[in-house]
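Below is one structure; the comments refer to it alone.
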Amino acid sequence: MNLAFVNIGAHIAGEGCMIDGGARVASCAQIGKNVKFGAGSGIEGILEPAGRLASIVEDHVKIGAMCEVTGIIGEGSVIASGVIMASGKKIYDEDTSEFVPPIECLVGEEKFLLPVIPPYRLAVGGSLPSKNGKHNTDAVILKAGDLRDSATMRHFTKQGILYG
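Here is the structure:
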């Protein structure tokens, strides 16, 4: 696609990948097979510190337009358009009513937290009430359901979250 960028050092498994116009794959990012990046989306890489875990997108993932992704996205997941998944961002799971714990990466004395989207989940942008209830906190919401289930797929498609 026109004007897509893949930096030196990024690893793309290749087979079936599509990187739409304006999308960016940064250095050291690891991209699986059959991954689709929507227009204007970006995946964070890592240049330093040496030894820090880079962003990983597993096989068969779809990332919607205008997303920014840091962390690990499990196989078969879909990231809805406009989702910003950054270090420190809370990821709330509607199935369990709990937050998904980030993966800790230690480099020397420094600790980095990488957000994680479990396999076969749909992630959408949203907000959650703060502990004191006075304001909302930006979050990534994992919608209830498994994307391997055809009824779940039909439901999300009818809602306009997924495309057919």
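For the sequence shown, our numbering gives the first residue as 835, with consecutive numbering after it. All C-beta atoms, glycine included, are put in the ideal place defined by N, C-alpha and C. Just so it is clear, the structure is predicted and the values come from calculations on it, not from any experiment.
Contact under 8 Å by Cβ, residue i with residue j
| i | j | result |
| --- | --- | --- |
| residue 924 | residue 978 | no |
| residue 880 | residue 891 | no |
| residue 948 | residue 921 | yes |
| residue 872 | residue 884 | no |
| residue 897 | residue 889 | no |
| residue 959 | residue 903 | no |
| residue 849 | residue 867 | yes |
For residue j and residue i, the rounded distance between their alpha carbons
| i | j | result |
| --- | --- | --- |
| residue 952 | residue 909 | 8 Å |
| residue 895 | residue 870 | 6 Å |
| residue 998 | residue 991 | Any reading at residue 998 must be qualified, since the residue scores a pLDDT of 44, below 50, and its modelled position is unreliable; the value itself is stated next. Their Cα atoms are separated by approximately 6 Å. |
| residue 851 | residue 860 | 15 Å |
| residue 934 | residue 844 | 26 Å |
| residue 980 | residue 926 | 15 Å |
| residue 968 | residue 842 | 45 Å |
| residue 987 | residue 900 | 22 Å |
| residue 995 | residue 913 | 10 Å |
| residue 936 | residue 989 | 28 Å |
| residue 837 | residue 964 | 39 Å |
| residue 993 | residue 938 | 35 Å |
| residue 954 | residue 893 | 11 Å |
| residue 932 | residue 865 | 28 Å |
| residue 855 | residue 862 | 20 Å |
| residue 930 | residue 919 | 20 Å |
| residue 982 | residue 943 | 40 Å |
For residue j and residue i, believed in contact at Cβ under 8 Å, the rounded distance
| i | j | result |
| --- | --- | --- |
| residue 905 | residue 941 | Actually they are not in contact, since the Cβ atoms of residue 905 and residue 941 sit about 16 Å apart, beyond 8 Å. |
| residue 984 | residue 970 | So it is not a contact: roughly 34 Å between Cβ atoms. |
| residue 853 | residue 928 | Incorrect: roughly 30 Å between the Cβ atoms, too far for contact. |
| residue 946 | residue 886 | 6 Å |
| residue 911 | residue 957 | 7 Å |
CB contact below 8 Å: residue i versus chain B
| i | result |
| --- | --- |
| residue 905 | No chain B appears in this structure, which consists of one protein chain only. |
Contained beta strand (DSSP E) runs [length at least 3] in the stretch 885–945, N- to C-terminal order: For the stretch 885–945, whole beta strand (DSSP E) runs of length 3 or above, ordered along the chain, are 924–927, 937–941.
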